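Read through the structure below, which is laid out as structure tokens, and then see the notes.
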Amino acid sequence: MDGGKFLVQLLKIVCGFIFALIASSLFLAWGFFQAAHPSEDPVAFATMVGTGLVGASVVGAAALVPAAVLITVAELVRLRGVIFHVAAGGGVAFLLWTLGGPAQVEGVRPGSSVALAAGFLAGFVYWLVAGRTSGAWLGNSKPDLSGAD
31 MDGGKFLVQL
41 LKIVCGFIFA
51 LIASSLFLAW
61 GFFQAAHPSE
71 DPVAFATMVG
81 TGLVGASVVG
91 AAALVPAAVL
101 ITVAELVRLR
111 GVIFHVAAGG
121 GVAFLLWTLG
131 GPAQVEGVRP
141 GSSVALAAGF
151 LAGFVYWLVA
161 GRTSGAWLGN
171 SKPDLSGAD
């Protein structure tokens with residue numbers, strides 16, 4: 031294990047998580063406000079950006095634990111594929127969306143496709159920043175999982 035690479039990867043993980051939250055929250059806010067170009071309606075655009083940034087903190091508070099578990103798994107197993115990270119982002123978003131709904135809803139809760147899209151976007155942004163180098167700090171040798179000395 032290389033300590034310098036570990037610290038760099040840890041910084042990438044934190045920045046990737048923050049950028050993923052901002053991207054998904056801006057996506058949700060843009061869909062809610064449907065703001066035009068900033069020169070056409072600057073107040074609506076500023077409201078959308080402000081709502082997206084505040085929404086990122088709310089989404090981040092809810093997604094921190096499940097995302098941390100998946101990030102830890104990806105780092106330890108060296109999962110660097112975009113498919114895993116996009117699916118993990120969508121899975122976390124769908125999990126949070128379904129847990130927040132009323133118990134009487136039959137079938138898929140309305141708005142699930144929007145929540146999935148926001149999660150997929152978050153997973154992709156995280157992969158761009160930190161996911162492509164998952165586990166690089168572990169070195170070149172594969173861990174010995176056989177238990178033999």
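Numbering (our numbering), first residue to last: 31 to 179. Here a beta-carbon is modelled for each residue, glycine too, at the ideal position from N, C-alpha and C. If you're wondering where the values come from, they're calculated on a predicted model, not measured in any experiment.
Cα-Cα, which of A76, G161 and V103 is closest to I113? Among A76, G161 and V103, the Cα nearest to that of I113 belongs to G161.
Where the alpha helix (DSSP H) through P140 begins and ends: Where P140 is concerned, there is no enclosing alpha helix (DSSP H), given that its DSSP letter is neither H nor E.
So S55 is in the alpha helix (DSSP H); what residue range does that whole segment cover? S55 -> alpha helix (DSSP H) spans G33 to F63.
Which of helix, strand or coil DSSP assigns to G153: The answer is helix: DSSP assigns G153 an H, G or I state.
Is the distance from the Cβ of G51 to the Cβ of A86 below 8 Å? The residue you asked about is not Gly; residue 51 is Leu in the sequence shown. Cβ atoms of L51 and A86: closer than 8 Å.
Assign A160 to one of three DSSP states: helix, strand, or coil. The three-state secondary structure of A160, taken from DSSP, is coil.
Take every Cβ of the segment 113-124, pair it with every Cβ of the segment 89-101, and state whether three or more of those distances are shorter than 8 Å. Segments in contact, yes.
What do you get for V116, buried or exposed, if any count of 16 or more other CB atoms within 10 angstroms of its CB means buried? Burial call: buried.
Straight-line Cα distance separating V103 from D32: Distance between the alpha carbons of D32 and V103: 19 Å.
So which of L83, E70, G169 and L168 has the shortest CA-CA distance to L58? The alpha carbon of L58 has as its nearest neighbour, out of L83, E70, G169 and L168, the alpha carbon of L83.
How many angstroms separate the CA atom of W60 from the CA atom of V89? Distance between the alpha carbons of W60 and V89 is about 15 Å.
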